[in-house]
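Take a look at the structure set out below.
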Amino acid sequence: MSVYLLAEVEKIHDEKSYNEYIEKARPIVTRYGGKYIVTSDKLSPMSPSWTAQKVVLIEFENKQRMQECFQSAEYREIVHLRTGSIESKAVLIE
1 MSVYLLAEVE KIHDEKSYNE YIEKARPIVT RYGGKYIVTS DKLSPMSPSW
51 TAQKVVLIEF ENKQRMQECF QSAEYREIVH LRTGSIESKA VLIE
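Using the working numbering, the first residue of the sequence shown is number 1, and each one after it goes up by one.
This is how it looks when you write it as structure tokens:
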């Protein structure tokens, strides 16, 4: 059964590092079968509490493949680029 990772980017502190993260993360996600469904910064908040500047929705074949991707050595090598450059939240949708 497909699962989805929804990430909300709330603040970007270091655009250069974040762009480097995106460039390096995309091929890793793809190797694990992840498909980018939506990546957009064109948001129209429908709730006054919405603070995200960007959303990313990625589909994986199943939860195991998603976990393998984000726990892989190659992803762990670049995760500091994300955590050091943005404030974000993510949720797994099953």
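Yeah, the Cβ is synthetic: ideal placement off N, Cα and C, and Gly gets one too.
According to DSSP, simplified to helix, strand and coil, what is residue i?
i, result
"Leu6", "strand"
"Ala98", "Not covered by the structure: residue 98. The range shown for the chain is 1 to 94."
"Lys63", "helix"
"Leu57", "strand"
"Leu81", "helix"
"Tyr75", "helix"
"Tyr32", "coil"
"Ser40", "strand"
"Ser47", "coil"
Would you mind stating whether residue i and residue j have Cβ atoms separated by less than 7 angstroms?
i, j, result
"Glu59", "Ile28", "no"
"Ala7", "Ser72", "no"
"Glu20", "Leu92", "no"
"Ile22", "Ile86", "no"
"Val3", "Glu94", "yes"
"Lys42", "Val9", "no"
"Lys24", "Ile78", "yes"
With DSSP as the reference, identify every bridge partner of residue i, one or two as the case may be.
i, result
"Glu87", "Lys11"
"Ile93", "Tyr4"
Measuring only between beta-carbons, confirm whether residue i sits less than 7 angstroms from chain C.
i, result
"Ile78", "Absent from the structure is chain C; it holds one protein chain and no more."
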